[in-house]
Amino acid sequence: MELKTSNKTRPGTIIEKIKSTKATTRFVLAVLIPSALWYLIFNGIPMIYAFYLSFFKMNFLDPPKFVGLQNYIYSFTQDTDLYLSLLNTVNFMLSTVLIGGIIAFIFALLLNDIKKGAAFFRTVYFLPVVCSMVAIGVLWTWLYQPRFGIINSFLQFIGLGRLMWLQSPDTALLSVIVASIWKGLGFTIVIFLAGLQGIPGSLYEAAEVDGANRFQKIRHITIPLLRPTFVFILITGVINGLQAFTQMHVMTGGDGGPLDSAKTIVFHLYETAFGNYQMGRAASIAFILFVIIVVLTVIQLKFTNKKIQY
Amino acid sequence: MKKLSIVTLVLFLLIVSAGAVFAKTTLSLWDWHLPRMELTQEYIEQYQKENPGVEFETQLVGWNDYFIRLMAGLAGGDVPDIASFHNSQAMAFKNHLQPYPKDLFPLDVMRENIINFDAAYVLDGDNFYFYPVGIMSGLIFYNKDMWAKAGYTDADIPKTWDEFADIAENLTQHTSNGNVNIAGFALNGILGVFWLDLNYQKGGTLYSEDGKATNWNSKPGQEALQYVDKLVNEMRVTEPGFLDFTEALGTESAAMVYSWSWLSGWMDTNYPEVDYGVFSLPTFDGKLTPGPIARNNHEIGMAVMKAAPENNKAEAFTFLKWLYEDTDYLVRVNLVLGTAPANKNLLDDPRIQGNPVIATIAQQVPYTIMPGEIPAGVEVDGGLATIRDMIFNGASVEQALKIANDEATKELRETPLKWYAEDLYVPITE
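If you read the protein sequences in the order shown, they are chains A and B. Position in the first sequence counted from 1, then plus 49, gives you this note's numbering. Position in the second sequence counted from 1, then plus 348, gives you this note's numbering.
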């Protein structure tokens, strides 16, 4: 009798263990295990291999040579392109997250108040999100074209001069930022709208009874209760911003813009790996970026982890 | 029963041995250049008729991904037997290429027939890894209609850069608000490469004498860039943000552009209606000697991958010998690529002489220099590209050369040249 109980609680084989688990647990495992395996094989193992590579001089063409921390030391001490691209990346990330976030928040507030046609506007704003970044990049490249582009045509029509949007180091990154904000706006609006619709209407009604105006309601009800949404948008925006590559590559014709003014860290990584065939060095840049993203995410979580309750 | 077993066994052995006798060798071949691939395909079909035991699997891979695919293929054990090659990648991939066998391609014959053979093709010892096909260099392309409308004839083709600048200025048209409407001379996208030719004309070089650094911020370099700066920022024959030189000529937005001779093939494919002509680069004193008056590059042919099975390698070289011994193919592939044949015996071919672009490049080639390897960080990712960006954005000549030179030298320190041939140029006497 004792033995039987023991077998039930501590089954010997995997099959017995599976049999002894609840049906719901088995279902959850059946659903999760393929995804976990997929992630492990196609993300986890390559990541570990990339970390291993970062300690080698390696180009897939010659035998790899172990160089210890040399790739990291080079990145920190001699790779001036890394610092320039990091600065560009931070500029890009801050602009898209802050400016894009503020614009999306305002649009979401306006859309939330619309009773008729809200779905239409949501669809319109969301359309660029479902378009390929490459297509969007090509589209904006033509909009910015100095001679025939619609933006310069408009500037000239209202009596202003032409700007060399993507051809000038002063405006190349800005041009990419504008296109990227336009592309991502719909997604952020939808997230804000979901958050706004989760705020109970009774809170606004109570505030109205107390004589609060629109600004006060936004300031004291909407913004505090949207804190989790802001955190989500901030974290995903920062991560996406730090990983930006496609739009720069497409809009600058693959060269990072005049004087590398629109070259981001991932662009630099790509160029190092596939332009110069320096896989080990590129892997070290990837892990420097990884550490930056982790540190920023932890900081953000720490400073935004306050709960709001009314 | 025993008899039946013996008959079955004999039949089986017959089938197996017949299969072995009639087994075909399949050669895989990659290229990135569609017109060249289409031409090669014609010859492959002919070769297959003559050699029914050989089959081909051809694959077109876009230029942007070509060498990344090849590199990934090497890492993953999936490479073609034969790959079209470009000498910008020669040193990176050299260890994975099979040297051309000297019994099939004797060196003395190659040296006798091929222009600049040692400087352009022999990478170590006596080994060469890809077949010499053609030579390319920079030319001036001009729009014939604009040229005629401005009253110019063939007699006005400039011999000096001063004459050239006057013509470029005359052909430039500005809008009422001062923007360039028609560029007299569009250098956009290629300014740094153009400067390098002028630098050579002034007596400068791409590399220092030992090939370990660049020396661009020198008197020849500065004088050459001052001329370019005058064209762009003083005479305003083009402007920042103007169309890239290819589109500028194609859309008839520029009267003249500087380009390497491949542009002829590109124009014929994309803008066949545009009537253009070409002429050799002018010089500062109107003389071609002692040269060099420009850089050249050799358009190389196919290479055999070292990782290919031994039998396929032998079969691949047999095919390549058959292909490259066919002068008709060599002439046609040069016409497709817009290059002068590397084989000097083909320079007089009526089809070569009848093509104005290739005839012009063929005349210019003896006065051009092959510097050897040019890393991407010296030509496209920094260096010459930096000169272009800085001049178009109003930097001074000295500042542009200093920054570009620092970048290029840093690149060379980082990845020293393995193939340096600039010192092999022999000045030409009158």
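Every residue, glycine too, gets a C-beta built ideally from N, C-alpha and C. Just so we're clear, the structure is a prediction, and the values are computed from it rather than from any experiment.
Taking C-beta atoms under 8 Å as the contact rule, B:Met-653 and B:Val-427 qualify, at a distance of about 5 Å. Where B:Asn-491 is concerned, the enclosing beta strand (DSSP E) starts and stops at 480 to 491. Residues of the stretch 734 to 748 of chain B that bring their beta carbon within less than 8 Å of a beta carbon in chain A comprise Thr-734, Asp-737, Met-738, Phe-740, Asn-741, in sequence order. Listed along chain A are Gly-324, Asn-325, each with a C-beta nearer than 7 Å to that of B:Ala-724. One finds Arg-211 in chain A with Cβ atoms closer than 7 Å to the Cβ of B:Asn-527, taken in chain order. Per DSSP, the beta-bridge partners of B:Phe-404 are B:Leu-375. The stretch 739 to 757 of chain B makes contact with the stretch 570 to 578 of chain B: 3 or more CB pairs, one atom from each, lie closer than 8 Å.
Inclusion of A:Ile-248 and A:Leu-283 in the CB contact set at 7 Å is not warranted, their separation being larger than that value. Scanning the stretch 393 to 451 of chain B for uninterrupted beta strand (DSSP E) segments of 3 residues or longer gives 402 to 408, 430 to 432, listed from N- to C-terminal end.
Chain B places a beta carbon closer than 7 Å to that of A:Leu-308, counting this residue as a contact. The Cβ atoms of A:Met-182 and A:Gly-290 lie no closer than 7 Å to each other. Taking 7 Å as the cut-off, the beta carbon of B:Phe-489 is found no closer than this to the beta carbon of B:Ser-609.
The C-beta separation of B:Leu-445 from B:Tyr-477 comes to about 4 Å, placing the pair in contact by the 8 Å criterion. If the five residues before and after B:Ala-468 are omitted, its C-beta is found closer than 6 Å to the C-beta atoms of His-646, Met-718, all from its own chain and listed in chain order. Using a Cβ-Cβ distance cut-off of 8 Å, the stretch 710 to 730 of chain B and the stretch 311 to 327 of chain A are in contact, since at least three pairs of beta carbons, one from each stretch, lie closer than that value. Under the DSSP assignment, B:Trp-670 falls in the alpha helix (DSSP H) whose first and last residues are 658 to 672.
Taking a Cβ-Cβ threshold of 9 Å, the residues of chain A close to B:Asn-443 are Leu-110, Asp-111, in chain order. Against chain B, a Cβ distance below 9 Å from A:Arg-196 picks out Asn-527, Val-528, Asn-529, Gly-589, Phe-590, Leu-591, Ser-601.
Comparing alpha-carbon positions, the option among B:Thr-631, B:Leu-629, B:Ala-596 lying closest to B:Met-615 turns out to be B:Ala-596. For chain B, none of the residues of the stretch 119 to 144 of chain A brings a beta carbon within less than 7 Å of one of its beta carbons. Contact with chain A is found for B:Ile-416, since one of that chain's Cβ atoms lies less than 7 Å from the residue's Cβ. Sequence-distant partners of B:Leu-772 (beyond 5 residues in either direction) whose C-beta falls short of 6 Å from its own C-beta, in its chain, are Ala-467. Cβ contact annotation for B:Pro-638 (same chain, cutoff 6 Å, sequence separation greater than five): Pro-775, Ile-776, in chain order.
With its beta carbon at least 7 Å from every one in chain A, B:Ala-655 lies outside the interface. In the three-state DSSP reduction, B:Gly-720 falls in the strand class (E or B). Exposed is the label assigned to A:Phe-264, since fewer than 16 other Cβ atoms lie within 10 Å of its Cβ. The stretch 376 to 384 of chain B makes contact with the stretch 401 to 409 of chain B, as at least three CB pairs between them are under 8 Å. A:Ser-217 reaches chain B at Pro-588, Gly-589, Asn-741, counting residues in chain order whose Cβ is nearer than 8 Å. With contacts defined by Cβ atoms closer than 7 Å, B:Thr-520 and B:Gly-537 do not form a contacting pair. Taking each of B:Tyr-500, B:Asp-729, B:Met-385, B:Ile-392 in turn and checking the Cα distance to B:Leu-375, the smallest one comes out for B:Ile-392.
Pairwise C-beta distances place the stretch 144 to 161 of chain A out of contact with the stretch 196 to 208 of chain A, as fewer than three of them are shorter than 8 Å. When the Cα atoms are used, A:Asn-262 and A:Val-343 turn out to be separated by approximately 40 Å. For B:Asp-472, no alpha helix (DSSP H) run applies; the uninterrupted beta strand (DSSP E) run containing it begins and ends at 470 to 472, by DSSP. In terms of beta-carbon proximity, B:Ala-440 lines the interface with chain A, with at least one pair separated by less than 7 Å. For A:Asp-304, the neighbours in chain B by C-beta distance under 8 Å run, in chain order, Val-728, Asp-729, Ala-733. Per DSSP, A:Ile-248 lies in no beta strand (DSSP E) and is assigned neither H nor E.
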